[in-house]
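**Q**
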Amino acid sequence: MHVGAMSLWEIALGMYPTSHFDQFNEEPFVMIAIWCFNIITAVFLLNLLIAQLNGAYAAVYDDMVGYARLNRAAVIVTTLEQVSEKRWARFIQAQKFEERLEFNEGDIGLPGGLQLTEPSNANPTTVDAIRRFGGSTSRTMPWPAEEYLDGGDDDKFERLEKLIVRATK
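Numbering of the sequence shown is given in our numbering, commencing with residue 1326 and proceeding in unit increments.
(1) Please classify R1491: does DSSP put it in a helix, a strand, or coil?
(2) In whole angstroms, give me the CA-to-CA distance for S1332 and Y1341.
(3) Are the CB atoms of E1423 and P1444 within a distance shorter than 7 Å?
(4) Sort V1408, V1490 and E1483 by Cα distance to F1447 and report the nearest one.
(5) From K1411 to V1400, what does the alpha carbon distance come to, in whole angstroms?
(6) Cβ of A1337 within 7 Å of Cβ of N1372?
(7) Taking Cβ to Cβ, would you say V1355 is nearer than 7 Å to F1346?
(8) Looking at the structure shown, is P1436 part of a helix, part of a strand, or coil, going by DSSP?
(9) Check this for me: beta carbons of I1417 and R1425, under 7 Å apart or not?
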């Protein structure tokens, strides 16, 4: 068995002596089996080559993105070195970092950021990630009991929906 497998591998790689092919011409079934094996092996090795090239491309692309970010950061640093302190202070004052940000209408958040809006379909979510509890903010008061700890049908549907969203991306 191992001699036959080695012979098939030699045929697939083109290392098998051509003088031995005369023996295969007498047996059409063996010749068909050898050609089928050759075709399957060629397709498999080609797919393997494509996978290797794809992996190498992904690694090179990640490096390229990292180097581009480093170059952008270097440009920003050299540009900021040329900005005067007075102008920088005016820029920081114009950003109004001490004002609180508004998450939603009437929902005032934390200070120290820039508020950006995005289209509602850019990152679809069906469940709000911020959980809000009414009542006192005293440390001595216990947190309210959550309703979703029983692992009911709602939790199963949420997991299924997240799975579907991940699969469609």
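The beta carbon of each residue, even a glycine, is placed where N, CA and C say it ideally should be. For clarity, every value in this text was computed on a predicted model and none was experimentally measured.
**A** Answer, in terms of the structure:
(1) For this step, residue 1491 is matched to residue 166 along the sequence shown. Residue state, collapsed to three classes: helix.
(2) Here residue 1332 refers to the residue found at position 7 of the sequence shown. Here residue 1341 refers to the residue found at position 16 of the sequence shown. Rounded to whole angstroms, S1332 to Y1341 spans 7 Å at the Cα level.
(3) Here the question's residue 1444 lines up with position 119 in the sequence shown. Here the question's residue 1423 lines up with position 98 in the sequence shown. No, Cβ-Cβ distance for P1444 and E1423 is not below 7 Å.
(4) Taking the sequence shown and counting its residues from 1, the one referred to as residue 1447 is at position 122. Residue 1447 is actually Ala in this sequence, not Phe. Cα-wise, what sits closest to A1447 is V1490.
(5) By 1-based counting over the sequence shown, the position of residue 1411 is 86. By 1-based counting over the sequence shown, the position of residue 1400 is 75. C-alpha separation (whole angstroms): 21 Å.
(6) Within the sequence shown, numbered from 1, the residue matching residue 1337 stands at position 12. Within the sequence shown, numbered from 1, the residue matching residue 1372 stands at position 47. For A1337 and N1372, no; Cβs fall outside 7 Å.
(7) Here residue 1355 corresponds to residue number 30 of the sequence shown, with the count starting at 1. Here residue 1346 corresponds to residue number 21 of the sequence shown, with the count starting at 1. Going by C-beta atoms, V1355 is not nearer than 7 Å to F1346.
(8) Mapped onto the sequence shown, residue 1436 falls at position 111. Of the three classes helix, strand and coil, the one that applies to P1436 here is strand, per DSSP.
(9) If you number the sequence shown from 1, residue 1417 lands on position 92. If you number the sequence shown from 1, residue 1425 lands on position 100. Not a contact, by the Cβ cut-off of 7 Å.
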